[in-house]
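Residue numbers (the working numbering): 3 to 262. By construction, the Cβ of each residue, glycine as well, lies at the ideal position given by its N, Cα and C atoms. These notes concern the structure reproduced below.
Written out as structure tokens, the structure is:
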């Protein structure tokens, strides 16, 4: 419907208007805040206990599409009650989402979908971050995996709370998610995948990601230099200590030969 509205705005707008003004409002809308617009279409198949409602909920900050279905419901009243509760749960979940600004190494990163703060965890779009940090290449939603051809192989499991990195399983409290077709990973997984620090500023609605400083090769200390030079000097000191007894032995042998 939304695509049709983009391609045919006049007809699409009229159709959405009809769906907003439907008189069949016994499923998605009843428990939503007063004044919430819903453009939706219901469907019934009582013989199968199936009652449906599909539509667009015009949430004030996060509009969303919702599809509600029942099967083998004992009666319509029971089905409507359950579908209404689910509808409200989804609405409240959308209200709990906060969009964040992504700042990578001091530069604001403009992404098609922003980081999302939900229930205290920030989900970060992996591919834009990957491109900026130049680390991982490619992601296939069907396989839920990415691959580093020169280094490591990484596989995500969206359903369980784990990912496989270089054949090592990493468990987290929350799994990666595909949101609007984008692979989003919890902030904890970002730390697993990249050598970075992640800082969340909820007051400013910003996520700061910075590279960890590279380890510098250790320089030898002054004490190590002194010990190395003293060790070298002791080797030279050993030369005369070994050579003198050998020379004495040679002189003794020569003297005996003369005497004989």
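Whole-angstrom distance between residue j and residue i, CA atom to CA atom
i	j	result
residue 27	residue 201	44 Å
residue 7	residue 199	43 Å
residue 46	residue 99	32 Å
residue 53	residue 42	13 Å
residue 65	residue 107	32 Å
residue 114	residue 32	33 Å
residue 49	residue 63	39 Å
residue 5	residue 215	46 Å
residue 134	residue 112	11 Å
residue 132	residue 21	41 Å
residue 78	residue 184	37 Å
Close-in-space but distant-in-sequence residues of the same chain around residue i (CB under 6 Å, 5 per side omitted)
i	result
residue 152	Summary for residue 152: the model assigns pLDDT 43, below 50, so the residue's position carries little reliability; its value from the coordinates is reported in the next sentence. Cβ within range, chain order: n/a, list empty.
residue 58	41 and 67
residue 211	106, 198 and 200
Nearest residue (CA-CA) to residue i, options the options
i	options	result
residue 61	120, 97 and 195	97
residue 181	193, 210, 117 and 195	117
residue 110	130, 177 and 74	130
residue 68	75, 92 and 79	92
residue 94	3, 34 and 213	34
residue 17	9, 29 and 3	3
residue 90	70, 19, 122 and 74	70
Cβ shell of residue i (< 8 Å), same chain only, five flanking positions each side left out
i	result
residue 24	42, 43 and 44
residue 72	51, 52, 53, 54, 81, 84 and 85
Proximal residues to residue i (C-beta, below 7 Å), its chain only, five neighbours per side dropped
i	result
residue 120	98 and 99
residue 193	200
> Can you find at least 3 beta carbon pairs, one from the segment 201-216 and one from the segment 93-111, that sit closer than 8 Å?
Replying inline: yes
> Is the segment 186-199 close to the segment 122-131, with three or more CB pairs under 8 Å?
Replying inline: yes
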